[in-house]
Each structure stands twice: as structure tokens, then as C-alpha cells.
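For the sequence shown, this note's numbering gives the first residue as 475, with consecutive numbering after it.
Idealized CB from N, CA, C, for every residue including glycine.
First comes the structure, then the notes that go with it.
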Amino acid sequence: MRGQKEVLQVPATLEDIKKSYGKISRVYATLEGRFEKGARRKGLELLAVKDGEVVLEIGIGTGFSLKEIASSVGEHGKAHGIDITPEMVKISKQRIEEAGLSDRVELYEGDAREMPYEDDKFDAVYMAATLELFDTPDIPRVLHEIKRVLKPEGRFVAVSLSKEGREGSRSLRFYERLHQRFPQYASCRPIYVEQSIRDAGYEILQQDELVIGSLLPMKIVVAAPI
Ligand SMILES: C[S@@+](CC[C@H](N)C(=O)[O-])C[C@H]1O[C@@H](n2cnc3c(N)ncnc32)[C@H](O)[C@@H]1O
């Protein structure tokens with residue numbers, strides 16, 4: 475079948491990604507962010523952060539989800555956020571400060587492929603609309619890095635554009651063409667989310683799917699390291 479098991483390469487360097495997210499950071503929350511809101515909400519619901527937990531979000535963007543996570547960990551927990559784009563980290567910092575949650579949040583500007591955190595640190599790791607930004611060889615690298623920083627009994631929740639079972643979808647193929655032509659705007663592309671997570675040594679505990687904008691399937695996958 476056309477498109478079977480084929481995932482597009484990412485024709486953008488890390489510097490390009492940083493630059494384009496830097497440029498769109500101010501409007502991100504109202505444009506792309508709104509488009510993906512339902513999937514993010516579902517992701518946070520399945521993440522089910524508990525009081526006192528230590529939780530990491532990767533690719534925090536403007537800090538919408540990180541603020542929710544910070545509220546849920548309570549005053550005895552900690553929310554950590556990492557993002558490669560300085561402007562995104564700055565906007566998140568403002569949002570967290572305005573919410574009066576700075577004392578329970580730690581932000582780090584850096585690359586998720588090599589994180590500064592020690593092994594077995596987090597109860598949970600969350601990643602929305604970010605895993606599918608990484609080039610194909612980097613997806614297992616990031617997933618292994620997440621496994622390293624997760625506690626053995628920890629959980630990982632990914633929200634990602636998904637190709638699984640949708641290879642024949644015309645809207646996905648249209649979006650893939652957009653990604654190839656305008657990677658700076660359609661920076662994410664659909665990937666085999668569940669399969670990638672399984673291949674990196676996780677067990678899938680739960681999964682759900684939402685179709686955003688009536689066109690693009692997003693999967694929410696809850697997984698545990700094996
Ligand atoms: C599509 S946005 C998603 C933001 C947020 N998670 C949301 O749901 O709105 C992707 C984010 O991942 C960040 N990012 C991209 N590559 C990264 C990398 N290698 N390491 C850390 N963050 C990265 C970008 O700067 C951007 O803020």
C-alpha cells in the first residue's frame with residue numbers, strides 16, 4: 475500500500491527549528507496551540523499527575539501544559555520543562571511567574587536528545603506535538619533518553635500526529651506534502667508513534683486517538699519502560 479511504514483525525513487536542522495519556533499513563539503498559543511488543544515487536554519488527563527510527583531515536560535512551547543502540570547504536582551512536587559527555543563522558555567517562564575508557580579518549576583533551555591537530568595529522576599514524562607518533530611533516527615534516541623531519566627516504575631505520555639492505520643488517508647498525505655514543501659510552518663509530520671515507543675523498549679499501557687481540525691489524527695499513548 476502507498477505510504478506503508480514510510481515516515482518522512484525532517485528537512486530542517488535544529489537551528490532551523492529553533493529559529494522558526496523563535497519567530498512564531500508570540501502567536502503560537504493562539505494559532506497552532508488552539509488547533510491542538512483537545513489532544514493536549516486528553517494527554518494531560520491520561521498523564522494524571524498526582525500531588526508530590528516530579529514530572530518533566532519536553533518541548534514546553536509557551537508553557538500551557540507545564541502550568542497545568544505545575545498546579546497538579548502541588549507544593550511538594552516539582553515540574554521540570556525543557557525546550558530548545560529561548561523565546562519559548564522565556565514565554566513559559568512569564569506564564570509560570572504570573573500563575574505564582576515559580577517555586578515548583580524548573581526550566582531548562584536545551585536539546586531533548588541529551589538532557590541534563592540524572593537517571594531515574596521522574597515519576598512521569600510528558601511530550602505533546604514534539605516527538606514528531608525529531609528526524610527519524612533521532613526518535614529512538616529521544617525515547618531512550620526519556621527511559622533513562624524515568625524511574626523504573628514511571629510513565630511516559632506522548633501526544634503525536636500519527637500514521638498508524640491511516641496510511642491511505644488523503645488529508646495525511648496532503649499534510650505530508652505541506653511538511654515537505656513548507657517545513658518551517660508544518661514542522662511536525664505524522665509518525666508511527668506506538669510502534670516507535672514499543673521498539674524503544676516500552677510497554678503500551680493505554681492509547682487514545684483524536685482527529686484534530688477534522689483532518690489529522692493525533693494519538694495519545696501512555697507507556698511504561700520495560
Ligand atoms: C509544536 S511545539 C509544541 C509545544 C507544546 N508541547 C504544545 O503542546 O503546544 C514543539 C516544541 O518543541 C521544541 N523543540 C523542538 N526541538 C526540540 C529539541 N531538540 N529539544 C527540546 N525542545 C525542542 C520547540 O522549540 C517547540 O517549543
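At a cut-off of 7 Å, is glycine 512 close to ligand 3 when judged by its beta-carbon and the heavy atoms of the ligand?
Looking for ligand 3 in the displayed structure turns up nothing; the ligands present are ligand 1.
Going along the chain, which residues of its own chain have a beta-carbon closer than 6 Å to the beta-carbon of lysine 621, five neighbours each way excluded?
Pro699
How far does the alpha helix (DSSP H) with phenylalanine 648 in it extend, from its first residue to its last?
644–655
Contact under 8 Å by Cβ, valine 623 with tyrosine 582
no
Is the closest heavy atom of ligand 1 to the C-beta of isoleucine 678 under 7 Å?
no
What did DSSP end up calling lysine 595 once you bin it into helix, strand or coil?
Note: lysine 595 maps to coil in three-state DSSP.
Rounded to whole angstroms, how far is the Cβ of leucine 684 from the Cβ of isoleucine 665, which I believe are closer than 8 Å?
Actually they do not touch by this definition, with Cβ atoms about 16 Å apart.
Under 7 Å from any heavy atom of ligand 1, does the C-beta of leucine 581 make it?
no
Please go through the same chain and pick out, in chain order, the residues whose beta-carbon is closer than 8 Å to the beta-carbon of glutamine 681, but skip the five residues on each side of it.
Cβ within range, chain order: Glu668, Lys693, Ile694, Val695, Val696.
Given that a residue counts as buried once 16 or more other Cβ atoms are within 10 Å of its Cβ, and exposed if not, what is threonine 487?
exposed
Keeping to the same chain, check which residues put their C-beta closer than 6 Å to that of valine 481; ignore five residues upstream and five downstream.
Thr610, Ile665
Distance check for phenylalanine 630 and glutamate 606, CA to CA, integer angstroms please.
15 Å
State the beta-bridge partners of alanine 513 as determined by DSSP.
Partner(s): none; alanine 513 has no beta bridge.
Under the three-state reduction of DSSP, which class applies to glutamine 680: helix, strand or coil?
strand
Helix, strand or coil at methionine 589 [DSSP, three-state]
coil
Report the CB separation of glycine 551 from valine 579 in whole angstroms; it is logged as a contact under 8 Å.
About 10 Å separates the two Cβ atoms, so there is no contact after all.
Just curious, the beta strand (DSSP E) that leucine 729 is in, first and last residue?
In this structure the chain extends from 475 to 700, so residue 729 is not present and cannot be described.
Given a cut-off of 8 Å, decide if valine 547 and glycine 517 are closer than it, judged by their beta-carbon atoms.
no
If you measure from the CB of tyrosine 495, is any heavy atom of ligand 1 nearer than 7 Å?
yes
Have a look at serine 566 and glycine 512 and give me their C-alpha separation to the nearest angstrom.
20 Å
Starting from lysine 492, trace the alpha helix (DSSP H) in both directions and tell me its first and last residue.
488–502
Take the Cβ of glycine 535 as the centre, count every other Cβ of all protein chains shown within 10 Å, and call the residue buried at 16 or more, exposed below.
buried
Option in Arg647, Glu531, Glu588, Val616 with minimal Cα separation from glycine 675:
Val616
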